[in-house]
Every structure is written in C-alpha cells, then in structure tokens.
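Scroll down for the structure; my scribbles are underneath it.
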Amino acid sequence: MTNAFAFTQEDKLSKLLTTDIADFWRTGHFSSFQGIDNKRINYASFIADQPINCLIISPGRSESYLKYQELVFDLARLNMSIFVIDHRGQGLSERLLHNPHKGYVNKFDDYTDDLHTFIETVVNPHCATNKPPLLLAHSMGGAIATRLIQKYAQSVKAVLLSSPMIAINKGGLPEWVAKSLITTGNILNTLISDQAWYFLGQGDYQAKDFASNHLMHSQIRYQTFIDLYQAQPELQLGGVTFNWLKQAVLVQQKIFADLDKISTPITIMQAGNDTIVDNSAQNKFCQQLNQYTPSLCQQSQPYVIEGAKHELLFESDKYRNQALAFIENWLFENTE
331 MTNAFAFTQE
341 DKLSKLLTTD
351 IADFWRTGHF
361 SSFQGIDNKR
371 INYASFIADQ
381 PINCLIISPG
391 RSESYLKYQE
401 LVFDLARLNM
411 SIFVIDHRGQ
421 GLSERLLHNP
431 HKGYVNKFDD
441 YTDDLHTFIE
451 TVVNPHCATN
461 KPPLLLAHSM
471 GGAIATRLIQ
481 KYAQSVKAVL
491 LSSPMIAINK
501 GGLPEWVAKS
511 LITTGNILNT
521 LISDQAWYFL
531 GQGDYQAKDF
541 ASNHLMHSQI
551 RYQTFIDLYQ
561 AQPELQLGGV
571 TFNWLKQAVL
581 VQQKIFADLD
591 KISTPITIMQ
601 AGNDTIVDNS
611 AQNKFCQQLN
621 QYTPSLCQQS
631 QPYVIEGAKH
641 ELLFESDKYR
651 NQALAFIENW
661 LFENTE
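If you want it as structure tokens, here you go:
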C-alpha cells in the first residue's frame, strides 16, 4: 500500500481547517438539482484541472457534504474531481416533513434514484467518456450505492463501501422482534396520524459528548463535526421514524434478493468495532455475492480495520490512515 501519511493528521487539523482546507473549499461549486418528487437535492463539486478520474461520495444518514471537508481536501490531492451529494431529507437538501429533525424517507430507492440523476446530470458531464466515475459510499450511503448498481448497471465503474448499512444494527434484539416492532408501530402510525412518528426512544437532534459517542475515536474530528452542526443548525437531523426503519428493513431484503443483478466491482471496508451497522450482514453480502461472481467482492469478505469504530473516514489517525491508504490504492487500481 502507499504511504497514508500524506493525508491530514489530527495534530494539524485545527490549523488546516482555517487555512489550506478553507482555501480549497472556496474553489468548490455548490448547487442543487431536482430529485424525485421535485425535491431539492444539494451537492458540492470540486473539478480538478486534469483529473485522472471522477469520484462521487455518498454520505451516511444525517450527514452533509460540509462534514466531508477534510476528506474531500485529502482525496482531491490525488488529482480527482470530487462530487458529494446531500441525500434528501438531510444536510442542506430539502427536508421532507414539517419537523426537519425527523429522519424520514418515503421509499428508500428515492435516495438511489436521486443519486442516479446526480450522476447523469451533474457528474458525467465532467468525466471522460472512457472513464466512468468511481463511487465511495459510507453507511446509509452504502445501501444507496448498492441499490444503484443493482438498478442502474454500468452507472459507475467500481464501488467502495465504508461501513455500509447492508443491515441496521438491531441492538441485540432477535430479527423477528425488531421487525415486529417496526411493522406494528408503522401500521399504528398510519392509522392514527398523518404525521410520521419517531421510533421508540428517538427524538430531535441533541449533540452527544465525545465520551458517549459510538462513531469515532478521534476527539478533534468529532468536535469539528459537533461544532459545525451547532454553527449551522439547518444541518441538524434527529432520530429515525418508524417509516424510515421500515424502509431500511425493506432495502436489506432488496439488496439480498437482487444480488444477481450486480455486475459492478464492489469492495467493502469494515470497522472492526462497529456498533452502528450489522457487520455480519456485510460478511453475508460478500459471501453470497461471491457465489454469483467470485471477482466482484474482494476475497469474498470485507477488508477489516480492527478496533475501528463506525466512521472510518473520520476516525483517529491510527485507523483513518489505514482506511485512506486502502481507498487510495482502490482509486488507482480502478483508474488504470
């Protein structure tokens, strides 16, 4: 692998955010397009002078492209044109409910159809015709990316999933119990109210202190994220609704039902100590995909970064360096 230490390190991050990264961010183009049901979908793009390829980033639930400033800065230095989408209902994109804090989507594939429109109308005009874009996706964005290559073959050349939400972490509940809670709650919600309900224990956005977070070991990167969402409250998103969870369960079923529709090479990076998504579902996905086409999922198993928490792209240097070195090699292997 290449030397990951060319990437931003924690002890330099605070200064770089106000100097080099801030200067780079001002070179970006920030706009929007109309997604499914004419919802406004925001995005950021950074076009290199002579890019070796185009890279799309599909963020996770509750994230905005603004959270990805350090990562985009690092990857752009590899001479990539980079495009980051804010999924519907979060970030700077149009919210879908009267309460903007509620995590909601009507149908999960709305996310995927938005991403396809983004690629076709925004990304592809900047990419060489003989070099289809590459796709890096995190968490929920990984489920969106997987559905993309199942529904729209050849839309991207290759996909790298970071801690993908192939299945949600059900908190130790048996799967049938979790599904029963979600289904029953969603039925009651539909019968009683025309407003989407939060799932049990969920509510509006509240910042968690670093000590209680399950996302990353890096205090500086975690605090940067918290400060950003405090400074720009329009980015804040709270917990998930019954319908969002229903859609998450349905998309898991669709992902496994449509494995035979995948023809795009797909690679998974797995966080060894992930408590946000279900790592066993990632393993199962690779194993079953490998049975259809052995070359599609590397070695029929994810690349595991032992000890890392969910957000590999924002982890402490010990883990993030491994993740970014792996991404760098993946980018160049798929650019040749």
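First residue of the sequence shown? That's 331 in the working numbering, and the numbers climb one at a time after it. Quick reminder that beta carbons are idealized off the backbone N, C-alpha and C, glycines included.
With a beta-carbon spacing of about 4 Å, Val570 and Gly433 fall inside the 8 Å limit used to define contacts.
Counted as a single uninterrupted DSSP element, the alpha helix (DSSP H) harbouring Tyr649 occupies residues 647-663.
Note: Arg370 is bridge-paired with Gln364 in the DSSP secondary-structure output. Shown here, Gln583 sits in a helix according to DSSP, grouped into three states. In this structure, the straight-line span from the alpha carbon of Trp660 to that of Gln525 is close to 44 Å. Inter-residue distance for Asp416 and Thr514 is about 31 Å (C-alpha atoms, whole angstroms).
Fewer than three beta-carbon pairs drawn from the segment 586-600 and the segment 551-569 are found closer than 8 Å, and the two stretches are therefore not classed as touching.
Around the beta-carbon of Arg425, 16 or more other beta-carbon atoms lie within 10 Å, marking it buried.
Between the alpha carbons of Leu619 and Ser361 lies a gap of roughly 36 Å. If you ignore the 5 residues before and after Leu408, its C-beta comes within less than 7 Å of the C-beta of Glu658, Leu661, all in its own chain and listed in chain order. The C-beta of Thr348 has fewer than 16 other C-beta atoms within 10 Å across all chains shown, which makes the residue exposed. DSSP places Met546 outside any beta strand (DSSP E), giving it a letter other than H or E. Bridge partners of Thr571 according to DSSP: Tyr528. Just so you know, the alpha carbons of Ser510 and Lys576 end up roughly 10 Å apart. Put simply, the backbone Cα of Val402 is about 16 Å away from that of Phe656. When rounded, the separation of the alpha-carbon atoms in Asp379 and Gly502 is 49 Å. In this structure, DSSP gives Thr348 a helical state, which the three-state scheme calls helix.
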